[in-house]
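Visitor:
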Amino acid sequence: GAVVSQHPSWVICKSGTSVKIECRSLDFQATTMFWYRQFPKQSLMLMATSNEGSKATYEQGVEKDKFLINHASLTLSTLTVTSAHPEDSSFYICSANKNTGELFFGEGSRLTVL
Amino acid sequence: AQSVTQLGSHVSVSEGALVLLRCNYSSSVPPYLFWYVQYPNQGLQLLLKYTTGATLVKGINGFEAEFKKSETSFHLTKPSAHMSDAAEYFCAVGGGFNSGNTPLVFGKGTRLSVIA
């Protein structure tokens, strides 16, 4: 079964609103989680590294004030897309390491901004 | 720094034919290598991984891959394609042992089509 769960799987929102996506490790603790973004027919691009109890580390070109990441517990990281616009429409995927050298991925969250 | 190159953005094979998806990597440290499959509008599913030890790695659904250090390659193969294998395949490289705090670097993906 899934060891990393994302919610929601699908979300449609109006332009200017904020959307929160959750990423949970179900049966292990993850001090580090990663958030990726995937545009249609493209690969996964790392957005940020989420660290439990500290600030996230963002990749170059990713607006930290627009993509707010909170890793408040060892099993939960959240990504909030603030003031979403149509160009933010994408597939967002999180992953977490189970300390076995393997990353487990969530099911992904499809965001559509109208 | 690490990088992954997947040769061929789209591969088409007949049902029952050999599947070969190519992946070359670059890494300054001994790499961990992964192949993931993604079906439309879904997340990633791990097919197989190479960390250390045996260089021929067997995964799920009959797939296997061989780590060739001299060629910096990790090509994915399956002897006989099935219609259900049609999907997007991603090769990825990680930082190796104790790399829990480093993300994977993905190739651009190869879309596999299987023709009946």
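Here the protein sequences line up with chains A and U, keeping their order. Counting in this note's numbering, the first sequence runs from 33 upward without gaps. Counting in this note's numbering, the second sequence runs from 592 upward without gaps. In this text, a Cβ means the ideal position worked out from N, Cα and C, and glycines have one as well.
#1: Consult DSSP for glutamate 54 of chain A and reduce its assignment to one of helix, strand or coil.
#2: For the region 47 to 119 of chain A, list the beta strand (DSSP E) runs that are entirely contained and at least 3 residues long, ordered along the chain.
#3: Find the residues of chain A that neighbour glycine 698 of chain U, judging by a C-beta separation of less than 8 Å, and give them in chain order.
#4: Taking 8 Å as the threshold (C-beta atoms), are asparagine 615 of chain U and serine 671 of chain U in contact?
#5: Report the partner residues of phenylalanine 654 of chain U according to the DSSP bridge assignment.
#6: DSSP three-state label for lysine 699 of chain U, please.
#7: Is there a C-beta anywhere in chain A that falls below 8 Å from the one on asparagine 652 of chain U?
#8: Thinking C-beta only, is glycine 634 of chain U closer than 8 Å to isoleucine 125 of chain A?
#9: For the beta strand (DSSP E) containing threonine 693 of chain U, name the first residue and the last one.
#10: Among the candidates U:Lys699, U:Phe658 and U:Leu667, whose CA atom is the shortest distance from the CA of isoleucine 651 of chain U?
#11: Quick check on leucine 635 of chain U - is its C-beta less than 8 Å from some C-beta in chain A?
#12: Pull up the distance between the alpha-carbon of tyrosine 90 of chain A and that of methionine 79 of chain A, whole angstroms please.
#13: When the distance is taken between beta carbons, is methionine 65 of chain A closer than 8 Å to serine 37 of chain A?
#14: Looking at the secondary structure, which residues open and close the beta strand (DSSP E) in which glutamine 633 of chain U lies?
#15: Is the CB-CB distance between leucine 111 of chain A and phenylalanine 99 of chain A below 8 Å?
#16: Output the distance between the C-alpha atoms of asparagine 129 of chain A and serine 618 of chain U, rounded to the nearest integer angstrom.
Guide: Put simply:
#1: strand
#2: 51 to 57, 64 to 70, 76 to 83, 99 to 105 and 108 to 113
#3: Ser75
#4: no
#5: In DSSP, phenylalanine 654 of chain U forms no bridge with anything.
#6: coil
#7: no
#8: yes
#9: Premise fails: threonine 693 of chain U is in no beta strand (DSSP E) and is neither H nor E.
#10: U:Leu667
#11: yes
#12: 6 Å
#13: no
#14: Note, glutamine 633 of chain U: premise wrong, no beta strand (DSSP E); not H, not E.
#15: yes
#16: 20 Å
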